[in-house]
Amino acid sequence: MAPLLAAVLRARGPVAGNDLLPAGPGQAFLLGWLSGALWYAGSCYWVAYTMHIYGGLDMGASLGVLVLFCLWLGAQTGLFALLLSLIANRARTPGAGIRRALACAPFLWVAIELVRTRIIGFPWDLLGTAQVDNVPLTRLAAVTGVYGLSFEIMVVNAAFAAAFLAQRRGRRLLLAAAVLAALALQLSVFVQPPPAPAGATARLVQENVPIGENWTPETYRRTLDELTRESMPPPPFESNGEPNADLIVWPESPAPFFDNEPMFRAQISRLASQAHAYVIAGVLGTEAAPRGSLQPEQLFNSAALITPDGRWAARYDKVHLVPFGEYVPFKKLFGFAHQLTREVGDFVPGGQRRVFDLGGYRAGTFICYESTFPGEVRQFAANGAQVLVTISNDEWYGHTAAPYQHLNQARMRAIENQRWLLRATNTGITAAIDPYGRVVAEAPREVRTALSAPYGIVRRTTFYTRHGDWFPWLCVIISLACGLWPPAVGRKDRNWQLAEGD
Numbered sequence: 232m233a234p235l236l237a238a239v240l241r242a243r244g245p246v247a248g249n250d251l252l253p254a255g256p257g258q259a260f261l262l263g264w265l266s267g268a269l270w271y272a273g274s275c276y277w278v279a280y281t282m283h284i285y286g287g288l289d290m291g292a293s294l295g296v297l298v299l300f301c302l303w304l305g306a307q308t309g310l311f312a313l314l315l316s317l318i319a320n321r322a323r324t325p326g327a328g329i330r331r332a333l334a335c336a337p338f339l340w341v342a343i344e345l346v347r348t349r350i351i352g353f354p355w356d357l358l359g360t361a362q363v364d365n366v367p368l369t370r371l372a373a374v375t376g377v378y379g380l381s382f383e384i385m386v387v388n389a390a391f392a393a394a395f396l397a398q399r400r401g402r403r404l405l406l407a408a409a410v411l412a413a414l415a416l417q418l419s420v421f422v423q424p425p426p427a428p429a430g431a432t433a434r435l436v437q438e439n440v441p442i443g444e445n446w447t448p449e450t451y452r453r454t455l456d457e458l459t460r461e462s463m464p465p466p467p468f469e470s471n472g473e474p475n476a477d478l479i480v481w482p483e484s485p486a487p488f489f490d491n492e493p494m495f496r497a498q499i500s501r502l503a504s505q506a507h508a509y510v511i512a513g514v515l516g517t518e519a520a521p522r523g524s525l526q527p528e529q530l531f532n533s534a535a536l537i538t539p540d541g542r543w544a545a546r547y548d549k550v551h552l553v554p555f556g557e558y559v560p561f562k563k564l565f566g567f568a569h570q571l572t573r574e575v576g577d578f579v580p581g582g583q584r585r586v587f588d589l590g591g592y593r594a595g596t597f598i599c600y601e602s603t604f605p606g607e608v609r610q611f612a613a614n615g616a617q618v619l620v621t622i623s624n625d626e627w628y629g630h631t632a633a634p635y636q637h638l639n640q641a642r643m644r645a646i647e648n649q650r651w652l653l654r655a656t657n658t659g660i661t662a663a664i665d666p667y668g669r670v671v672a673e674a675p676r677e678v679r680t681a682l683s684a685p686y687g688i689v690r691r692t693t694f695y696t697r698h699g700d701w702f703p704w705l706c707v708i709i710s711l712a713c714g715l716w717p718p719a720v721g722r723k724d725r726n727w728q729l730a731e732g733d
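The sequence shown begins at 232 in our numbering and counts up one residue at a time.
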């Protein structure tokens with residue numbers, strides 16, 4: 232971010248009088264737009280893979296979709312740069328404008344991230360997620376959510392930008408201060424608290440079912456039997472002393488596991504009874520369609536709870552569906568995405584974030600893409616969940632960085648709510664995550680297996696769990712105040728001017 236800040240605030244200097252002049256609104260928007268588009272092309276390149284393999288597009292068209300995707304999301308960084316230039320240009324002197332813009336930049340960035348989460352609906356890789364391995368620093372997220380970490384990163388970047396915008400004789404001091412601040416914050420990554428207490432064990436099943444499987448009655452039966460065997464705890468002489476699991480989790484799956492299919496229901500009920508464990512299973516939930524609908528039934532992407540006596544007790548229907556993956560907005564306009572929804576289904580969103588009762592404690596289960604939304608996941612903990620469970624099918628991403636990005640975002644949700652998080656996926660990354668966001672157990676990718684995952688029950692709630700996105704909304708208010716604040720009146724500040732020939 233430091234190069235972008237420096238570019239926007241130094242775009243028209245030096246000029247007469249040697250003053251640094253910030254970019255105009257149009258120039259700033261283009262600088263930010265290009266920066267954002269390049270960022271998304273580097274981090275979300277897997278969009279082209281998904282559209283090519285599962286969207287039915289040739290590689291050229293898939294790359295075209297990626298370019299449009301990057302340009303659309305990059306425009307948000309362009310908006311950030313545009314607003315930053317407006318704040319800088321409202322001051323009476325360039326030096327005052329630069330100082331004001333740098334001071335406002337962290338607040339403005341967090342406000343834009345809130346827009347990306349709440350309005351655009353794509354909070355993938357929010358800036359603060361980069362610090363997920365810095366345990367002491369991420370304690371801030373339990374108060375502010377990931378947005379507080381984004382703010383901290385922007386403060387450090389603003390300090391580096393200030394060092395390169397100041398006059399040369401003041402540059403060394405500012406640069407030294409910025410480097411020391413960055414080192415002090417990053418060195419804390421070596422500080423590790425003791426292991427979090429874990430008094431229970433879950434069995435997380437990694438199904439490894441291909442998305443393009445040709446389902447026949449025999450294939451269906453064989454797959455169901457194999458997954459059931461993986462789910463059962465090993466005999467005592469093979470368990471290596473591992474405790475029996477009291478919870479079994481099946482992931483979101485490309486298999487046609489409908490919750491009203493008799494064979495599937497009977498098999499899962501039998502598994503729960505024989506294992507004497509609760510089962511949370513990814514299913515295709517069904518309900519009768521409203522009267523007058525052209526469809527015979529509604530389809531939900533769901534997680535079902537089965538009790539140790541084999542009873543189907545509850546179901547959570549995914550609330551936040553993936554556009555162009557689980558439904559197609561404006562179908563006539565985006566007809567090319569029909570192939571994607573044909574692979575996974577044209578789903579109806581659920582209506583509430585239901586928490587499952589697992590006897591002595593409660594679990595909040597969210598599905599795949601929902602793990603990227605801080606304010607939505609925290610509602611499960613606010614509703615009483617003492618452990619978090621997420622199920623996902625990350626096979627869509629193939630051999631790209633996306634499964635690791637997705638895992639890190641789930642880790643941040645554990646940090647924000649200080650909850651153990653159990654993550655069961657179809658092909659990986661299946662893992663147990665402690666309240667500090669550390670991966671304490673992980674299954675190898677792209678194999679059919681079951682992970683014995685330790686976890687614990689946490690009953691206290693964090694400030695973020697109780698109060699939600701108060702911090703980004705505060706940043707919105709401060710950003711508005713920065714924009715409306717009257718221009719500063721004062722003398723020219725030589726510390727923010729370029730020396731002749733600098």
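Glycine is no exception: its CB is placed at the ideal position from the N, C-alpha and C atoms.
If we count the other Cβ atoms within 10 Å of its Cβ and call it buried at 16 or more, is residue i buried or exposed?
{"i": "Leu240", "result": "buried"}
{"i": "Phe555", "result": "buried"}
{"i": "Arg399", "result": "exposed"}
{"i": "Ile351", "result": "exposed"}
{"i": "Ala407", "result": "exposed"}
{"i": "Gly257", "result": "exposed"}
{"i": "Arg330", "result": "buried"}
{"i": "Val480", "result": "buried"}
{"i": "Asn491", "result": "exposed"}
Straight-line CA distance for residue i to residue j?
{"i": "Trp627", "j": "Gly267", "result": "24 Å"}
{"i": "Leu502", "j": "Met385", "result": "50 Å"}
{"i": "Phe468", "j": "Glu438", "result": "Residue confidence is low: Phe468 scores 46 on pLDDT, short of 50, so the model does not pin down where it sits. No coordinate-derived value is stated."}
{"i": "Pro464", "j": "Ala506", "result": "7 Å"}
{"i": "Trp716", "j": "Val341", "result": "19 Å"}
{"i": "Phe395", "j": "Glu383", "result": "19 Å"}
{"i": "Val440", "j": "Thr450", "result": "11 Å"}
{"i": "Ile664", "j": "Gln417", "result": "22 Å"}
{"i": "Ile646", "j": "Thr348", "result": "18 Å"}
{"i": "Ala508", "j": "Thr661", "result": "19 Å"}
Helix or strand or just coil, what does DSSP make of residue i?
{"i": "Gly556", "result": "coil"}
{"i": "Gln529", "result": "strand"}
{"i": "Ser768", "result": "Examination of residue 768 is not possible in this model, given that the chain is present from 232 through 733 alone."}
{"i": "Thr447", "result": "coil"}
{"i": "Ala306", "result": "helix"}
{"i": "Ala617", "result": "Before going on, a small fix: residue 617 reads as Gln here, not Ala. The answer is coil: DSSP assigns Gln617 none of H, G, I, E or B."}
{"i": "Thr538", "result": "coil"}
{"i": "Arg691", "result": "coil"}
{"i": "Tyr271", "result": "helix"}
{"i": "Gly721", "result": "Only weak support exists for where Gly721 lies, its pLDDT of 47 falling under 50; the value from the coordinates is given anyway. DSSP places Gly721 in coil when its eight states are reduced to three."}
{"i": "Ala433", "result": "strand"}
{"i": "Asp577", "result": "coil"}
{"i": "Phe489", "result": "strand"}
{"i": "Phe421", "result": "helix"}
{"i": "Arg650", "result": "coil"}
{"i": "Leu261", "result": "helix"}
{"i": "Leu345", "result": "helix"}
{"i": "Ala594", "result": "strand"}
{"i": "Glu457", "result": "helix"}
{"i": "Pro685", "result": "strand"}
{"i": "Glu438", "result": "coil"}
{"i": "Gly379", "result": "helix"}
{"i": "Ala322", "result": "coil"}
Check whether the Cβ atoms of residue i and residue j sit closer than 9 Å, and answer yes or no.
{"i": "Leu345", "j": "Cys706", "result": "yes"}
{"i": "Trp734", "j": "Ser293", "result": "Examination of residue 734 is not possible in this model, given that the chain is present from 232 through 733 alone."}
{"i": "Tyr378", "j": "Pro703", "result": "yes"}
{"i": "Gly659", "j": "Pro685", "result": "no"}
{"i": "Val689", "j": "Arg650", "result": "yes"}
{"i": "Phe488", "j": "Val514", "result": "yes"}
{"i": "Gly629", "j": "Ile284", "result": "yes"}
{"i": "Val374", "j": "Thr693", "result": "yes"}
{"i": "Glu366", "j": "Ser316", "result": "The question names Glu, but residue 366 in the sequence shown is Val. No. Outside cutoff."}
{"i": "Leu262", "j": "Ala254", "result": "yes"}
{"i": "Arg642", "j": "Leu652", "result": "yes"}
{"i": "Arg644", "j": "Glu457", "result": "no"}
{"i": "Gly668", "j": "Val422", "result": "no"}
Measure how close the beta-carbons of residue i and residue j come, nearest whole angstrom, since I'm counting them as under 8 Å.
{"i": "Glu601", "j": "His551", "result": "5 Å"}
{"i": "Asn614", "j": "Arg584", "result": "6 Å"}
{"i": "Arg434", "j": "Ala476", "result": "4 Å"}
{"i": "Cys713", "j": "Phe338", "result": "7 Å"}
{"i": "Leu405", "j": "Ala389", "result": "Not quite, the Cβ-Cβ distance comes to about 11 Å (not below 8 Å), so this is no contact."}
{"i": "Leu380", "j": "Gly359", "result": "3 Å"}
{"i": "Glu343", "j": "Phe300", "result": "In the sequence under discussion, the amino acid at residue 343 is Ile, which differs from the Glu named in the question. Wrong, their Cβ atoms sit about 18 Å apart, outside the cutoff."}
{"i": "Asp577", "j": "Tyr558", "result": "6 Å"}
{"i": "Thr631", "j": "Trp270", "result": "No, Thr631 and Trp270 are not in contact; Cβ-Cβ is about 16 Å, not under 8 Å."}
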